[in-house]
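Okay, structure first, notes after.
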Amino acid sequence: IGVVAAGLGLIVLGQTITSFLFLWLCAAVLASLASLLIVRRQSITAKEPFSTPASRRVIGALYAPLCAGAMLTVPVALLLATGRSALAGEALPPLMCVWMGFYGCGLNAAGQYSSRGVRLLGWGFIGAGALLATLFVGGYWLPELASHQLFTNFHAVMGATFGGFHLVAAGYLYLTESRPPTP
């Protein structure tokens, strides 16, 4: 979903702040619904209840960090709503880093009740958020790298992290997850 959203943003929507926020908030909602449907299908296939104490713990671990990231998006949306798009544009790079960091914290916490791969993915997002924050803070430390097109196109940054990391994680889980033998 992240790679598709990045492609949509790069090709169709462009670099406006409003389209960026709208696209990536829609992508987050769509990804959440897709995960919910996948988990539901797995529970039906396994003939297990959908809501279990373990699933409630995972949701509880994800809830606080994801809500914190969403709440920190509100001031940027308010800046846009009040016509201060220049200020909102300045807030986008740190906001993306905050999204990555909080999402990583949520995955790491939820991974305590899941597989090692989920925890590793969480740490990947935390590290990416910290690295990008270092690059985005005015590009003071590595100005040549911070001004590279990949880092100045926010859809590309989001696609590389939220899309790319999930594709890598899917490959990791596919290769390492045990499967029941085929009859």
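Its first residue numbered 1057, the sequence shown is counted upward by one per residue in our numbering.
Ideal placement from N, C-alpha and C gives every residue a C-beta, glycine not left out.
Quick one: what's got a C-beta closer than 7 Å to residue i's C-beta in the same chain, skipping five residues either side?
i     : result
A1166 : V1114, A1117, L1118 and V1174
A1124 : F1158
A1137 : none
A1120 : none
Using the Cα positions of residue i and residue j, report the straight-line distance between them to the nearest angstrom.
i     : j     : result
V1085 : A1142 : 26 Å
L1177 : S1107 : 24 Å
L1188 : C1153 : 6 Å
N1209 : S1091 : 27 Å
L1135 : W1179 : 31 Å
V1059 : T1074 : 19 Å
L1093 : W1155 : 23 Å
L1223 : A1061 : 14 Å
P1149 : A1102 : 42 Å
Could you tell me whether the Cβ atoms of residue i and residue j are closer together than 8 Å?
i     : j     : result
L1077 : A1126 : no
A1087 : I1057 : yes
G1162 : L1128 : no
T1232 : A1184 : no
G1081 : G1065 : In the sequence on display, residue 1081 carries Leu and not Gly. The answer is no: Cβ separation not under 8 Å.
Does DSSP classify residue i as helix, strand or coil?
i     : result
G1139 : coil
V1095 : helix
P1149 : helix
P1121 : helix
Please go through the same chain and pick out, in chain order, the residues whose beta-carbon is closer than 6 Å to the beta-carbon of residue i, but skip the five residues on each side of it.
i     : result
I1182 : G1157 and G1160
With respect to the alpha helix (DSSP H) encompassing residue i, which residues constitute its N-terminal and C-terminal limits?
i     : result
A1184 : R1172 to F1192
A1212 : F1210 to M1214
Under 8 Å Cβ to Cβ from residue i, same chain only, skipping five residues before and after it: list those, please.
i     : result
A1147 : P1131, V1132 and L1135
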